[in-house]
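The structure appears below as structure tokens.
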Amino acid sequence: MNLLKTSALDPAQATLDQVVRAGDPWMQRVSRGQVLRIVDLEGNQAVDTVFFNADDPDEQYSLTHTIQAQGALYLGVGSRLMSNEGRAMLTIVADTCGRHDTLGGACSCESNTVRYGLEKRPMHSCRDSFMAAITAEGSPLHKRRVASNINFFMNVPVTPEGGLTFADGISAPGKYVEMRAEMDVVVLISNCPQLNNPCNAYNPTPVRCLVWNAP
Amino acid sequence: MSELLATLPPLARAAVPAHSTRFDAALVLWEEDLPGGCHWSGVLRRGSTLRLVDVEGRANVSALFHNHERPAERYNMPDTLKAQHTAHLAAGCVCYSDMGRVLCSIAEDTCGWHDPLCGSLDAATMQSKYGSADYQTHRNAMHRAGREGLLVELAKWGLGRGDMATPLNLFSKAVADAEGRLRFEAGHRRAGQHVDLRFEMDVLVALSAAPHPLDPSPRYAPGPVKLLAWHSGTAGADDPCRLRCPENERGFVNTERYFLR
């Protein structure tokens, strides 16, 4: 488990403080030096998150660059979230959860048909939330630019034998993760609506997003 | 026999062959050499198989798969791993697109572990690891990075940076410990090992034979690969890839639906 580290930042001083309801997308620009905190309000929620360079949407979060940069699979305090151009986009500076996933991807209607049953297609999914957000007026994003993502508060251990397990969440109500932007980024979140697996205890719940200006 | 197939309408069942086809020299369509470090792309049609051979036992092949008809549909590593509850690919596994379809299936494999996690080496990392070796001095022995090689191939088909997905690293093994730290197992590879990718859709395949990003070798020495395409047909009703798990049975049904008319 990664190091736990609390933050001294005061929510009363945040420049932005919003609740993202279960199953909703959320898109927000975060400038270089600003700090983004995501709070798992009720515990074991999966927060599917993509980052883009605010000035160049073809530069985006890359799970393989992030894994290569740290030589390890799980995210925690000190993890640099790398772009497909090999640059640090954000750095995790505080974390009271201990582990976050970047292998599990985002659920979709189509993958739900494979994983759970052909009849599951109509159910709401993260990738539908992503598509809704990127087709909003003025969005420079495109499906092909939504490649890899992070699942904050999710625990997806890989065994030495090469197995993949979806373990019980290690998060709990009020746990949070905080990251400092190293460049101007657009944050795209899908607050996961998945009802078919235990990643969120079959119960999607709201999360809270706060942004502080650079000190 | 797949229980799910039995529930489908007769025309849908009839589109699936009873059995998969085994390799036979008479079925070979073409052969080509891919020297270490080099890159390649081409279209493999539904019902053809690409056999890749690790000629000297030190190859890594980073592979990307896009639906040739509509390349916004592409290989999706997380969906592939989640559906099959695995963090490595081997015989019996399939490669899923983001649309819940099987782009290709690993019909045969003498290697036993292909790395889906680590991605390709990029030019900056390659240079800091191996130094530079440019064309003017080294001609075609120049160093080539995996990511840039894949991008060159994608660009030939009108695709760009945004179309990259996490590539599959054929022949390479990287093992995670309890804390998720990764270790590359160079001893995993053997000369002559091969893997058969059977294409279940018309797929644009981009390959780079550049070194694996975690290969600890201080020398740039990517191994050569032999490519061989053969006429295999698609996965049969009793194919081990289809029957590996209920998820794959459904993935094949999704794929077959795409081609029904």
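Going down the list, the sequences are from chains A and B. Residue numbers are given in the working numbering: position 110 of the first sequence equals residue 181, and the series is strictly consecutive. Residue numbers are given in the working numbering: position 231 of the second sequence equals residue 1253, and the series is strictly consecutive. For every residue, glycine included, the Cβ atom is placed at its ideal position computed from N, Cα and C. Only a predicted model underlies this, so the values are computations on that prediction, with no experimental measurement involved.
B:L1190 places its beta carbon 8 angstroms or farther from that of B:L1249. Comparing C-alpha distances from B:N1089 to each of B:F1193, B:S1142, B:E1222 shows the shortest one belongs to B:E1222. Its chain contains L1139, C1140, A1196, V1197, A1198, L1236 as the residues whose beta carbon lies nearer than 8 angstroms to that of B:L1204, once the 5 sequence neighbours on both sides are disregarded; these appear in chain order. For the set A:C197, A:S242, A:M254, the Cα lying nearest the Cα of A:M153 is the one of A:M254. When the Cα atoms are used, A:G209 and B:P1244 turn out to be separated by approximately 45 angstroms. The beta carbons of B:Q1215 and B:D1076 sit closer together than 8 angstroms. Residue contact with chain A for B:E1201: present (Cβ-Cβ distance below 8 angstroms to some residue of chain A).
Taking 8 angstroms as the cut-off, the beta carbon of B:C1263 is found closer than this to the beta carbon of B:G1114. In this structure, A:L212 sits away from A:P277, with a CB-CB distance that is not shorter than 8 angstroms.
Annotation: the continuous alpha helix (DSSP H) that includes A:I205 extends over 197 to 205. Rounded to whole angstroms, the Cβ separation of B:C1060 and B:F1087 is 19 angstroms, and the two are not in contact under 8 angstroms. In this structure, DSSP gives B:V1275 a helical state, which the three-state scheme calls helix. Within chain A, no C-beta atom comes less than 8 angstroms from the C-beta of B:M1148; the nearest is roughly 11 angstroms away. Between B:D1224 and chain A, the shortest Cβ-Cβ separation is not below 8 angstroms.
From the beta-carbon of B:P1039, no residue of chain A is found nearer than 7 angstroms; the closest lies around 21 angstroms away.
Annotated three-state conformation of A:V217 is coil, per DSSP. Here the stretch 92 to 101 of chain A makes contact with the stretch 258 to 271 of chain A; the two share three or more CB pairs at distances below 8 angstroms.
In the three-state scheme derived from DSSP, where H, G and I count as helix and E and B as strand, A:K191 is classed as helix. Within the same chain, A165, T167 come within 8 angstroms of A:T77 by CB-CB distance, once the 5 residues on both sides are set aside. Among the bridge pairs identified by DSSP, B:D1137 is matched with B:N1191. The beta carbons of B:E1175 and B:A1228 sit about 4 angstroms from each other, so the pair counts as a contact at 8 angstroms.
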